Amino acid sequence: MSLAAESKEKKGFVADQVQGVPPWVGTFVGYTTIGLTLAVLFVFLVLPVGKVLTSAFIIDGSFSLEYFRLLLSNPLQVAAIWNSLAIGILTTIISTMVTLPIAVFQTKYDFPFKGILAGLLLVPMVMPPFVGAIGVQRFFAEYGAINLFLMDLGLLTTPIDWLGGHNKFWAVIILEVLHLYPIMYLNLTAALANIDPSMEEMAASLGAPRWKIFKDVIWPLSRPGYFAGAIIVFIWALTDLGTPLLVSYEACIPVRIFNFVTDANENPVGLAMVAIVIMMTISIFLLSRSFMGRKNYQMMARGHVTSAVKPASAWMKTVIYSVSLGIVFLALLPHFAVLVTSLSKNWIGTVLPESYTLEYYGQIFQQELPFTGIKNSFFFSTLATFFDLILGVLIAYVVVRKLVPFSGLLDSLVMVPLALPGIVLAFGYVVTFSDTILDPLTNPTILLVVAYGIRRLPYMVRSAVAGLQQTSASLEEASATFGASQFYTLRKITIPLVMANLIAGCLLCFAYAMLDVSDSLILAMKDSYYPMTKAIYALFLEQGSGEFVASALGVIAMMILSGCILGASLILGKKMGELFRS
Amino acid sequence: MEISLEGVRKSYGDTHAIRSLDLKIHDGSLHFLLGPSGCGKTTALRLIAGLEKASAGKILFDGKDVTNLPSASRGVGMVFQNYALWPHMTVKQNIEYGLKLRKLTKAELHRRSDEVLSFTQLDRYKDRLPGQLSGGQQQRVALARALAIRPNVLLLDEPLSNLDAKLRLEMRENITRIHQQTKITTIYVTHDQKEALSMGTDISLMYAGEMIQSGSPRELYRRPANSFVAQFIGEANLFDGEIIASESTDKQTTVKSPLGEIRSTVQSRAGSGEKDVSIAIRPESIRVSYEDSEEKGIESIPCELKQLTYLGEQEQLILKTKKTGVTIKTALFNSSLENIRVGETLFCHIPQSSIMILPKASHLGPGT
Amino acid sequence: MHSSFRSPTYLALIVLFSALQSCILFKKNGSDDSGVEQLVIISPHRKSIQNEFIPKFREHYEATYGKKIKVEWLDQGGTSDDLRFIRSKFKRNPKTSGVDLFWGGGDTAFNDLKADGLLSNYQLPSELQKHLPKKAAGVALHDKDGAWYGTAISSFGLFFNRKLLKKLNLPEPKVWADLASAKYKGHVSVTDPRRSGSFATMNYIVLQSNGWSKGWDILHGIAGNSKGFAHSSSDPIKNVVSGAARVAMAIDFYATSKIADLGENNVGFVLPEKQTVLNPDPVAVLKGAPNRVAAERFVNFVLSDSPQKLFVLPKGTDGGPKLASLGRMSVNTKVYSDTAGARISAFNPHTLKSVQTVNTARASKVRKILNDLVGVLLVDTHADLEKAWAKTIEKGLKPSDIKVLTEMPILESELESYAEKWNDQVFRNEKINEWTKFAKAKYSRLAK
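Residue numbers (our numbering), protein chains in the order written: chain A, 31 to 612; chain B, 220 to 587; chain C, 116 to 563.
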């Protein structure tokens, strides 16, 4: 045996030396990276937002909390805060109820068209701005398609006001759920896929009933993933502007802020409200983190693993298809309405258009703007996704492995962009970077990429954090003992292990960057830099057939993005199956 | 490689995982860190591996201070309790990972990974993922992975605890063989004293973050430093005793105990002037017969047989002394007593040369 | 460690891709700048106006002045965004914003900019002034000091879904006051005046033409009949088309283009007799314009005959816009005689006598307070108002109830004294809070 022989002759042998970099280099690189990450967050988040928000604290040149007093003594604004909290909570609860069964179907059962269904479930998150409102109104307005249809059938004499009066509150929640459940679904599926099925089998073999297995094994183990999705859904619903505007529901925080900030005679009380939302978000995040994410269970290195996915019985298939497709159908109604709008000719006061036309698609092809827009959006969003991937993984790593003393603070700082009204960050960029090398007037590329990135950073960080929390630290330690630097370990061991979570995060980042509104409108001031969403906006505003042409572009955008998502989810599905499994 | 720990302390806030540890591990030894769970042995191992930073004290590799050196630069090979095999890499990739981090030619790299694969009999499985292997195979991969880099020191953290009894015996032999062939300094953490006794060249027994005794297995078994060691390593009958006379010339000590006034001819380990001591007697040193014995150097105590366990080559007896009702455990090999029954009166013959007088380790918690 | 920094292929590809992309993006910007003049315009105008006017201006510029010109067209999405941008630029550097022209957005915005000293005056060449009257039907088309010039005229009126009104047996509205009638409950769509200068003007017309007290009765009725306030001036029209509303307050060109699209039998638009108003759509040279000469040339160009025809002629006609009809009214009188019979609308605002004139000076003075009054009493407390209004209708529209419903927290005579203090944000917000409580109290009294 040569190994033995060699060792004997090399009595007192010196171990192989690790390749020539002294250890402090690794530490140095590590701290530099952390430093750079913090610098990026400071320059592109804290500074611009701070610049805008100072107006909320300064009256006649001195510090004052007067605007906060004024805000909190207005019954309407206080009511808005409570309403938004209620919307956040209800949306999270209902999304959970919607998502849980479909996530379990996807991870525990095998059935035909599983991959396609998984992709379809994600498609509702792709709702192009501006035209979505038209879609919803077209179908659910008092004399919209659905009421007219029911009235034609004689089922209805007076129309139901789906989106009016008291229904507005619930309409907002339902639309939020249908729009946001994919976020929770993605995170939850990734978490469930990470659970070693032998743990369940073990529990089952001990005779635990199914609900008990869920309660005692699956739920605690998937909690980091669920938390990652739930906190984003909650804060999103709390701060989302688009959906309440869609049904013109005014009594909630984001619309109030929007009204204040876009008022021709701008009201600084709005900025005070922004500051309050940021504080609320951070405290809710920290509170729920300590409640939900306090214990994290790292998966031990896996033992012998058999496939957890079992074929669905005929009865189960019926349940799976009807539940999943039912949700997809409801969630895609507005999208369908956009499609019909884009094809409609002379559609007024009837269930469906009297005639159809491809004219508006033709108009798109006559112009340069839509194509520039699509190209720009792809470019900006791809870069923004990479930006998020790098920054997000680093931050998550620092946070989970507690590499710096204030990692909890860093973690909550990263959540701030979720709470920020887009217009505040974008305007902060204008104020901060005008007349610098990054001036959006000259070339907004970098600012757009960073703005897209920063605003979607929370998705990536939450996904990555969830993944890391489920990964045993000993897998990284093992790598360290072999002489690997922290970054080599991160690249070779850690990242591959959390790949499912990262793909989920990238998907969210990319899709929502493609659909970004505020940054796009404000930072891309010249045609040649218009992203797709601003192109949609420009078309939408055109008098005459503007909204139809915009809808047509919206449909094209949806098709492109759905394609990306379906593709990615097929890869993701495959990955989830393959990852670490036989 | 010789490894020394000098006054090493490891605290997490107010809790001390290790209070103050001095330890010397000789070059080429198979050194066991033994102790009940929570005694700090794994922490000690992780300190040596560089996975934890010592709060105080020094760690030396061949006299060189490595206390502040990160794990990556220490050249240790570690086998984790849960193996920590990277689930996304094949067996071969797992093994070659450490090699790739070293300046090796491609040919050298393959030669060495093949060598280790065949050495650990894993050739057939090299393209499998860890998830496709049995527990024993996984354990071998973890070992192979650590060995492939020809470490200065091999660190094993309870490597056999996840295996069944039969595999465990097999792997014990395997590890002993590897150690003998490679002569790599090996530190082995376990709570299983049998593993330590049967395999180790040295054993360090730890309790509550402190080193209790360090030495060869024989030393620890025969000359335990206190009652805790006596009880943890092997089995022992322990009684409280009070020294009533001690003659330093012929090393004789007379002790008052539940067995009566007995005499020991072994050098007492209790400090001079220490009156309250523990008496430890190994079960296998006690002989049993129906007759009283007047032989010199033997303490003969009448007992009643309470329980008998027949194990083939060995019989285990539990007896109760007639006078004081304390329990004595014995292990008889090739016993000539054929038809003994529970309830019968028997005499325990204890050689005075096997009566160990030890300091009481009352602060060490249970068992003393 | 070198291997840990070895860039994977995909990363290299991305970097390459991005480098390539940015080259393209940067090149577009800086390639042909030498010897070419430049003009920077910020404008909330839609793309169709940019598409029709800018190429024509470039041709004109080269033909007239023998030089090429590059026009940068900037936009942040809407009038208030563009205004905020320009103001932030001036805050940084009070001398110049780096932008030459502000074009479009209603005269109130321009009066504000002028008041803040952000516009620079310019006198038109006399030959151009011949066809550009100072006023049309009593509405100023130019600033008296030459700070801004109206480039097109809009009018405001009522847009409605003829088809559904017929189906519901509802009459077509004729004047603003009609929208306040209880029979239109749930059928009206309007926009928040704080977000649309046009709607601020429409509200002002209602108050001016009906008087303070009656005017507020009407505004309360309109708000009560609506299901909420939209955020953009074009939204109400879209709501009428989608079926969310039946009647809307609207700007003429949105309405006429919808009529052209959907047909007179489906939708209709009417200018309220004696209560409509004309509103200019100005252009102004900004203070410290870096390309002042080119900017003034652009003003001349936009106001001259041939470009003005782009506003009034249908698309595809000789001298008309190429891609889309703009459907606005020209400020140039000559255009009307030149295009007689060829225009989209035969209507000529310059011949109108009986148009409601807005007292612009007063209007711009009290506009901010009026907007906040509407904002607080009708928009922000809309949910309470809607309930109170429903109850009032249910109880048979008793005058006593209507009196409670339309009660005002301030007198008309107080407006001007408030106006002086309205830029004090603390004072303003104190008042807003006061009015909010006032409004909630009166509505809840009725809703009981």
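Using N, Cα and C, we set each Cβ at its ideal position, and we do this for glycine too. Computed from a prediction, not measured in an experiment: that's the story for all the values here.
DSSP three-state call for residue i: helix, strand or coil?
i, result
"Pro364 of chain A", "helix"
"Asn276 of chain C", "strand"
"Gly165 of chain A", "helix"
"Ala365 of chain C", "strand"
"Trp537 of chain C", "coil"
"Ala404 of chain C", "coil"
"Arg175 of chain B", "Because chain B is modelled from 220 through 587, residue 175 of chain B falls outside the range shown and cannot be assessed."
"Ser581 of chain A", "helix"
"Gln432 of chain B", "strand"
"Ile243 of chain A", "helix"
"Gly531 of chain B", "coil"
"Asp469 of chain A", "coil"
"Cys258 of chain B", "coil"
"Phe160 of chain A", "coil"
With a 10 Å radius around its C-beta and 16 neighbouring C-beta atoms as the bar for buried, classify residue i as buried or exposed.
i, result
"Ser125 of chain A", "buried"
"His196 of chain A", "exposed"
"Ser528 of chain C", "exposed"
"Asp233 of chain B", "exposed"
"Thr528 of chain B", "exposed"
"Ser417 of chain B", "exposed"
"Leu439 of chain A", "exposed"
"Pro288 of chain C", "buried"
"Leu95 of chain A", "exposed"
"Met575 of chain B", "buried"
What residue from the options has the CA that sits closest to residue i's CA?
i, options, result
"Ile59 of chain C", "C:Asn236, C:Ala399 and C:Met317", "Residue 59 of chain C lies beyond the residue range present for chain C, which begins at 116 and ends at 563; the question has no answer from this structure."
"Gly497 of chain A", "A:Tyr542, A:Leu424 and A:Pro284", "A:Leu424"
"Leu276 of chain A", "A:Gly174, A:Ala342, A:Pro250 and A:Leu205", "A:Leu205"
"Pro240 of chain C", "C:Gly261, C:Leu233 and C:Phe274", "C:Gly261"
"Glu167 of chain C", "C:Lys483, C:Val417, C:Leu322 and C:Ile525", "C:Val417"
"Leu532 of chain A", "A:Thr511, A:Pro447, A:Phe416 and A:Val585", "A:Phe416"
"Thr273 of chain A", "A:Pro158, A:Asn217, A:Val247 and A:Thr219", "A:Pro158"
"Asn544 of chain C", "A:Phe436, A:Phe98, A:Thr62 and A:Ala69", "A:Phe98"
"Val335 of chain B", "B:Gly317, B:Leu352 and B:Leu348", "B:Gly317"
"Gly312 of chain C", "C:Gly336, C:Ser347 and C:Leu294", "C:Ser347"
"Gly192 of chain C", "A:Glu577, A:Leu571 and A:Met445", "A:Leu571"
Check whether the Cβ atoms of residue i and residue j lie closer than 9 Å to each other.
i, j, result
"Ala297 of chain C", "Asn340 of chain C", "yes"
"Lys342 of chain C", "Gly379 of chain A", "no"
"Val368 of chain A", "Gly162 of chain A", "yes"
"Leu591 of chain A", "Pro400 of chain A", "no"
"Lys389 of chain C", "Ser324 of chain C", "yes"
"Phe199 of chain A", "Ala110 of chain A", "no"
"Leu493 of chain C", "Leu485 of chain C", "no"
"Trp218 of chain C", "Asp557 of chain A", "no"
Exercise for the section: Give the residues from the segment 358 to 374 of chain B that approach chain A closer than 7 Å (Cβ to any Cβ), ordered along the chain. Expected result: Ile368, Arg369, Pro370 and Asn371
Handout entry: Under 8 Å (Cβ pairs) to chain C, residues found in the segment 533 to 566 of chain A
Key = Leu551, Ile552, Met555, Lys556, Asp557, Ser558, Tyr559 and Lys564
Exercise for the section: Give, in chain order, every residue of the segment 372 to 393 of chain C whose Cβ lies closer than 9 Å to some Cβ of chain A. Expected result: Ser372, Lys373, Ala375, Asp376, Leu377, Gly378, Asn381 and Val382
Handout entry: Members of the segment 486 to 510 of chain A near chain B, C-beta cut-off 8 Å
Key = Ser502, Ser504, Leu505, Glu507, Ala508, Ser509 and Ala510
Handout entry: Under 9 Å (Cβ pairs) to chain A, residues found in the segment 252 to 274 of chain B
Key = Arg265, Ala268, Gly269 and Leu270
Exercise for the section: Compile a chain-ordered list of the residues in the segment 305 to 333 of chain B whose CB is closer than 7 Å to at least one CB of chain A. Expected result: Trp305, Pro306, His307, Tyr316, Gly317, Leu320, Arg321 and Lys322
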